[in-house]
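Below is one structure; the comments refer to it alone.
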Amino acid sequence: MSTQSFKLDVSPAIGTVSARYIAPARPECIFTLAHGAGAGMDHIFMETLANALSEAGIATLRFNFPFTENKKGRPDSPAVAHATIEAAIKKAHELAPKLPLFASGKSFGGRMSSQYLAAHPDSKVAGLVFYGFPLHPAGKPSIERADHLKEIKIPMLFLQGSKDTLATWDLIETVCASLRKATLVKLEGADHSFKAGKKDVMSLLIDETKKWVGKML
């Protein structure tokens, strides 16, 4: 496994953000891996996920959003987040030009990635993986945040905890049933942070990701 840490250029107006590329000796594909609203790319979940994906044969490029890089509490506007994702996708293609590229993200990172791909269907991305899609605020169930998903033409994998308060199961199930290329996986007992008592949810996330990606390689 090899690791490269560097600054990712987003734009002259936005500047640069920290990024890290992790790749196994013989990767089968590469993921952009965007963090959630509450923690950056170095959070233990993101680090563990990237390392576990590498062990499963998947290279990852994870990165900070500017609000995390600059230690601001409030998440970036969609325009800034989309620009950062665009830069990461471009960099991933440069790092591994011969590998299939998948976009992925935890919560906010997955949602912003999906918005970008809905608006840019020509991004040469093979699929999209959500590590917990934040369908609605806690205690305010709705499906408006999923409206753009119908514009995405590539396969999507939703890995969702059954106790996720940001995506009640009946609503996320309804959303995915309405999407032609969506696969929904229920992680029994897991919350939005994928905590489920003593259950090894990370292994389940990796197994389901690997199985889904394998169908397209």
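Residue numbering for the sequence shown follows the numbering used here, beginning at 3 and increasing consecutively.
The beta carbon of each residue, even a glycine, is placed where N, CA and C say it ideally should be.
All values reported here derive from a predicted model rather than from experimental measurement.
query                                                                                                                                                                       : result
Taking C-alpha atoms, which residue in Glu153, Lys93, Gly129 lies nearest to Ser265?                                                                                        : One cannot answer for residue 265 here, as it falls past the ends of the chain, which runs 3 to 219.
Can you tell me whether Ala179 is buried or exposed, with buried defined as 16 or more other CB within 10 angstroms of its CB?                                              : exposed
Which whole-angstrom value is the C-beta distance of His95 and Gln117, which I expect to be below 8 angstroms?                                                              : Not quite, the Cβ-Cβ distance comes to about 20 angstroms (not below 8 angstroms), so this is no contact.
If you check the beta carbons only, do Lys108 and Phe47 fall under 8 angstroms apart?                                                                                       : yes
Note the first and the last residue of the continuous beta strand (DSSP E) segment covering Gly129.                                                                         : 129-133
Quick one: which unbroken alpha helix (DSSP H) runs of 4-plus residues sit fully inside the stretch 123-180? Chain order, please.                                           : 171-179
May I ask you to report which of helix, strand or coil DSSP gives Lys212?                                                                                                   : helix
According to DSSP, Gln1 sits in a beta bridge with which residue or residues?                                                                                               : Nothing about residue 1 can be reported from this structure: the residues present for the chain run from 3 to 219 only.
In chain order, what residues of the same chain lie with their CB nearer than 7 angstroms to the CB of Ser164, ignoring the 5 residues before and after it?                 : Trp171, Lys188, Leu189, Glu190, Gly191, Ala192
Determine the extent of the beta strand (DSSP E) in which Ala61 is found, giving its start and end residues.                                                                : 60-65
Return helix, strand or coil for Ala36, following the three-state DSSP convention.                                                                                          : strand
Could you round the C-beta distance between Pro123 and Lys92 to whole angstroms and report it? I think they count as a contact, below 8 angstroms.                          : In fact, because the Cβ distance is near 16 angstroms, the residues do not count as touching under 8 angstroms.
Going straight from the alpha carbon of Gly17 to that of Asn72, what length do you get?                                                                                     : 10 angstroms
To which residues does DSSP link Asp11 through a beta bridge?                                                                                                               : Thr18
What are the uninterrupted segments assigned as beta strand (DSSP E) that are 3 or more residues long and contained completely in the stretch 49-107, given in chain order? : 60-65
Beta-carbon within less than 6 angstroms of Ile174's beta-carbon, same chain only, minus the 5 sequence neighbours each way: which residues are those?                      : Leu137, Gln162
Excluding five sequence neighbours on each side, which residues of the same chain lie with their C-beta closer than 8 angstroms to the C-beta of Pro77?                     : Ala39, Phe67, Phe69, Ala83, Phe110
What residues are listed by DSSP as bridge partners for Leu189?                                                                                                             : Gly163
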